[in-house]
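K.L.:
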Amino acid sequence: MRLLSRCLLALVLAMALGRAAVAQAPAPAPVAAEMLAALRTGGLVLYWRHPATNNDQADTDPLNLADCTKQRQLNDNGRQQARDLGATLRDRGVPVSGILSSPFCRAREAAELTGLGAVTVNPCLLYTSPEPTRRRGI
């Protein structure tokens, strides 16, 4: 029950604080400047999905979180995307006070590769597809 309460609180806080995204395509200058100013102010929650993975690898046992070999992994491009995200946030002076990750190996690896600080795995961020057979290649 305590975990459920924490998960609900985390979800409510994330929704209340809003979400921001770092996009690869530059926004029009005034919007980009406003977004960057807001990001530099801090106090926001940045939420993003893990970067690129190996499309030919299926999640064969996705809830066995201790065995990364049964989960899709980041590919080289995805690893570089994670490093680039960290570098972009650092270079732009965006403060990062904490990093939460889902328990999936690909999400943890991406969070660690940003180089923005210690990563805390939060089971509240565990998401599995509503179409598990499609993800398993069945």
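Numbering-wise (the working numbering), the sequence shown opens with residue 6 and increments by one.
Note that beta-carbon positions come from the ideal geometry of N, C-alpha and C, so glycine has one too.
As the structure is a prediction and not an experimental result, all values here were calculated from the model.
1) How would you label Leu121, buried or exposed, when you count the other beta carbons within 10 angstroms and need 16 or more for buried?
2) Buried or exposed: where does Arg113 fall if 16 or more other Cβ atoms within 10 Å of its Cβ makes it buried?
3) For Asn69 and Ser107, I'd like the C-alpha separation in whole angstroms.
4) Below 8 Å, how does it come out for the region 67–85 and the region 46–58: are there three or more Cβ pairs, yes or no?
5) Could you compute how far the alpha carbon of Asn127 sits from the alpha carbon of Arg88?
6) Cβ atoms of Gln76 and Asp64: under 7 Å apart, would you say?
7) Cutting at 7 Å between CB atoms, please list the residues of its own chain near Gln86, excluding the five before and the five after it.
P.N.:
So, from the data block:
1) buried
2) buried
3) 13 Å
4) yes
5) 21 Å
6) yes
7) Pro56, Ala57
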